[in-house]
Amino acid sequence: MRYEIFSSTVGYLYTKTNPSHPPCPYCPLAGVPRSSCIQQSPPCAFPNVACLIVSSRNATTSTNLRDVLSNLVPKEQSRIKNFKTQYGNIGSISVDMIYGGIRGMKGQVYETSVLDADEGICFRGYSIPECQQLLPKAPGLAEPLPDGLFWLLVTGQVPTEEQVNWLSKEWAKRAALPSHVVTMLDNFPTNLHPMSQFSAAITALNSESSFAQAYSEGVNKAKYWWEVNSMDLIAMLPCVAAKIYRNLYREGSSIGAIDSSLDWSHNFTNMLGYRDATFTELMCLYLTIHSDHEGVNVSAHTSHLVGSALSDPYLSFSAAMNGLAGPLHGLANQEVLVWLTALQKEMGGEVSDEAMRDYIWNTLKSGRVVPGYGHAVLRKTDPRYTCQQEFAFKHLPDDPMFKLVHQLYKIVPNVLLEQGKAKNPWPNMDAHSGVLLQYYGMTEMNYYTVLFGVSRALGMLAHLIWSRALGFPLECPKSMSTNGLITLVGANNSS
Numbered sequence: 027m028r029y030e031i032f033s034s035t036v037g038y039l040y041t042k043t044n045p046s047h048p049p050c051p052y053c054p055l056a057g058v059p060r061s062s063c064i065q066q067s068p069p070c071a072f073p074n075v076a077c078l079i080v081s082s083r084n085a086t087t088s089t090n091l092r093d094v095l096s097n098l099v100p101k102e103q104s105r106i107k108n109f110k111t112q113y114g115n116i117g118s119i120s121v122d123m124i125y126g127g128i129r130g131m132k133g134q135v136y137e138t139s140v141l142d143a144d145e146g147i148c149f150r151g152y153s154i155p156e157c158q159q160l161l162p163k164a165p166g167l168a169e170p171l172p173d174g175l176f177w178l179l180v181t182g183q184v185p186t187e188e189q190v191n192w193l194s195k196e197w198a199k200r201a202a203l204p205s206h207v208v209t210m211l212d213n214f215p216t217n218l219h220p221m222s223q224f225s226a227a228i229t230a231l232n233s234e235s236s237f238a239q240a241y242s243e244g245v246n247k248a249k250y251w252w253e254v255n256s257m258d259l260i261a262m263l264p265c266v267a268a269k270i271y272r273n274l275y276r277e278g279s280s281i282g283a284i285d286s287s288l289d290w291s292h293n294f295t296n297m298l299g300y301r302d303a304t305f306t307e308l309m310c311l312y313l314t315i316h317s318d319h320e321g322v323n324v325s326a327h328t329s330h331l332v333g334s335a336l337s338d339p340y341l342s343f344s345a346a347m348n349g350l351a352g353p354l355h356g357l358a359n360q361e362v363l364v365w366l367t368a369l370q371k372e373m374g375g376e377v378s379d380e381a382m383r384d385y386i387w388n389t390l391k392s393g394r395v396v397p398g399y400g401h402a403v404l405r406k407t408d409p410r411y412t413c414q415q416e417f418a419f420k421h422l423p424d425d426p427m428f429k430l431v432h433q434l435y436k437i438v439p440n441v442l443l444e445q446g447k448a449k450n451p452w453p454n455m456d457a458h459s460g461v462l463l464q465y466y467g468m469t470e471m472n473y474y475t476v477l478f479g480v481s482r483a484l485g486m487l488a489h490l491i492w493s494r495a496l497g498f499p500l501e502c503p504k505s506m507s508t509n510g511l512i513t514l515v516g517a518n519n520s521s
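Okay, here's the thing in structure tokens:
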């Protein structure tokens, strides 16, 4: 039996595989090992909502997301208030952290996902395989609906089919774009990058911001969380993304109309012009596994930072997309595809494992890297890679590019281990995703980051709801000069 406890206060998932420890007599969670509980000494600081047990049981049957959150928000507000009162420091900061992109510094609360070195990304405590198993699916398809994942990210609860259907219909109802945004997209030059168009259109959607309107009218702070417009923006993003795709790659053809009987992914693929049910299933998987990745990557943290100024989601998410467009953040799968294409061209058709091994060694000895391999946190194959690999084995086992990717999977990790430099020699999700898109005919690599952005909206905008609900303040850390740091460290060392 496995006990999984998600502390949304500190954004930490603790998975305990050994249930032999005695239960905590002070915690209301009967049977939970004391060593797994975030309370280590009596009395329990949170007698009513000490922890949220991540369970496949649904905590409510209401199909209205606002009603569900109206019940959850006050409890979480109370729990965090008690937590802040009871506890002080949580760690230290090193000089290396300050100069190293604040890597590893614990400096933000982010409720929706946690990256575990062994499990990979966990959404509200659920691993990728668990989400594939538990989240509702579209009729006839095997992959989870992103609509259901959003419900999970916001509430911490696995939704019922009825709840997901409500959400899908709600998004379909809110999806229409204002005419001025359509006109703007139609007037963009074709040499303007898809991500630039995406970000600009999202900013222009600010005209539809009910949060900005409510704030100007003096809405009570307690209502900020629902007035945040996350639902509206998520609903419109596929229309924006599809319009960009059609304008750039399909001679400006119409995206068609939203079908209120279909889910978010299915409407998106229809608007893009892809009618293959398996591509729709792939898009369900893609949008789910790319949806969130903790809160301090460039795009997620940008969204949080701009949102902390009470900028509405249109402004904060468009800022995040400008970060995602950077080559060090959102372009990795393109770089993998470019590298794979060059490899395929240079090596010809099928090559032996020995020849491939020599090619990898020559790549490393020339000072280059093997794109798509390695991860700053993970110490195993990225589960997002694994589920894409399983999809490929099921639907495109004989595709030459997939066979090349799989051959690399068998060879590259061992070479990297022999080289001795990589802490994690295993592939990440970017090593696979572009190959799947190419197989189904989406060969326009410049567009891939737009798909990434549509997916990331689920995590960032779910977080924005909770940052408003919990009253997170304007983010304002202290910056220092190098001389100031030297003085500070010197003073501490001499004390």
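Counting the sequence shown from 1 gives a position; the numbering used here is that position plus 26.
Glycine residues also receive a C-beta, built at the ideal position from the N, C-alpha and C atoms.
Notebook entry, point to check: Based on the DSSP output, what are the partners of G146 in its beta bridges?
Noted result: D142
Checklist line | Coarse secondary structure for P453, derived from DSSP in three states | finding: strand
Next item on the list: With DSSP as the reference, label Y474 as helix, strand or coil.
Entry: helix
Notebook entry, point to check: Within the 8 Å Cβ cut-off, does F498 reach chain C?
Noted result: Absent here is chain C; the protein component of the structure consists of one chain.
Margin query: Does Y250 come out as helix, strand or coil in the three-state DSSP assignment?
Written below: coil
Check: Quick one: what does DSSP say P409 is sitting in, helix, strand or coil?
Finding: helix
Checklist line | Helix, strand or coil at L514 [DSSP, three-state] | finding: helix
Margin query: Output needed for T475: all residues of its chain with C-beta closer than 8 Å, excluding positions within five of it in sequence on either side, in chain order.
Written below: P220, M221, L350, A351, G356, L357 and Q360
Next item on the list: Quick one: using the 10 Å Cβ neighbour count with 16 as the cut-off for buried, is N217 buried or exposed?
Entry: exposed
Check: Below 8 Å between beta carbons: does that hold for G321 and Y113?
Finding: no
Checklist line | Whole-Å CB distance - H489 paired with T304, under 8 Å assumed | finding: Not confirmed; about 31 Å, so no contact.
Checklist line | Inter-residue CB distance, I260 and L487 (contact presumed, cutoff 8 Å) | finding: 6 Å
Notebook entry, point to check: Does DSSP put Y312 in a helix, in a strand, or in coil?
Noted result: helix
Next item on the list: Name the residue from V208, N450 and H330 whose alpha carbon lies nearest to the alpha carbon of E545.
Entry: In this structure the chain extends from 27 to 521, so residue 545 is not present and cannot be described.
Next item on the list: Give the range of the alpha helix (DSSP H) segment to which N293 is assigned.
Entry: W290 to L298
Note to self: Once the 5 residues before and after K436 are set aside, which same chain residues still bring their CB inside 8 Å of it?
What the structure shows: D379
Margin query: Whole angstroms are fine: how far does the CA of Q464 sit from the CA of E188?
Written below: 34 Å
Next item on the list: Select from G333, K391 and A346 the residue whose C-alpha is nearest the C-alpha of E444.
Entry: K391
Check: For P170, which residues does DSSP report across the bridge?
Finding: K163
Checklist line | Whole-number beta carbon distance between L178 and L167, since they are thought to touch under 8 Å | finding: Actually they are not in contact, since the Cβ atoms of L167 and L178 sit about 18 Å apart, beyond 8 Å.
Item checked: CA-to-CA distance, R105 to N74, given in whole angstroms -> Residue placement at N74 is poorly supported in this model, since its pLDDT is 31, which falls under 50; the coordinates still yield a value, given next. So the two alpha carbons sit approximately 8 Å from each other.
Item checked: Per-residue DSSP class, three states only, for Y113 -> coil
Item checked: P136 - DSSP class collapsed to helix/strand/coil -> The sequence given here has Tyr at residue 136, not Pro. In this structure, Y136 counts as coil in the three-state DSSP scheme.
Check: In terms of residues, what are the limits of the alpha helix (DSSP H) holding P426?
Finding: P426 to Q445
Notebook entry, point to check: Assuming D338 and F237 make a contact with CB atoms under 8 Å, what is their CB distance in whole Å?
Noted result: 4 Å
Next item on the list: Assuming I552 contacts L511 (C-beta within less than 8 Å), just tell me the rounded distance between them.
Entry: The structure shown does not extend to residue 552, since the chain is modelled only from 27 through 521, so no value can be given for it.
Next item on the list: Reducing DSSP to helix, strand and coil, say where Y152 ends up.
Entry: strand
Margin query: Only counting the same chain, and skipping five residues up and downstream in sequence, which positions put a Cβ closer than 6 Å to that of L514?
Written below: none
Note to self: Runs of 4 residues minimum, wholly inside the stretch 305 to 386: which ones carry the alpha helix (DSSP H) assignment?
What the structure shows: 324 to 333, 339 to 350 and 358 to 373
Notebook entry, point to check: Can you name, in chain order, every residue of its own chain whose Cβ lies under 8 Å from the Cβ of V121, other than the five neighbours on each side?
Noted result: L511 and V515
Note to self: Looking only at its chain, what residues have a beta carbon closer than 7 Å to the beta carbon of G174, apart from the 5 residues adjacent to it on each side?
What the structure shows: L161, P162, P185 and V190
Check: Quick one: what does DSSP say Y466 is sitting in, helix, strand or coil?
Finding: coil
Check: Around the C-beta of A283, are 16 or more other C-beta atoms found within 10 angstroms, so that it is buried, or is it exposed?
Finding: exposed
Notebook entry, point to check: Between the Cα of S96 and the Cα atoms of F149, S342, E253 and H327, which residue gives the shortest distance?
Noted result: E253
Item checked: CB-CB length for L141 against H319, believed under 8 Å -> 7 Å
Check: Would the beta-carbon of P172 fall within 8 Å of that of S317?
Finding: yes
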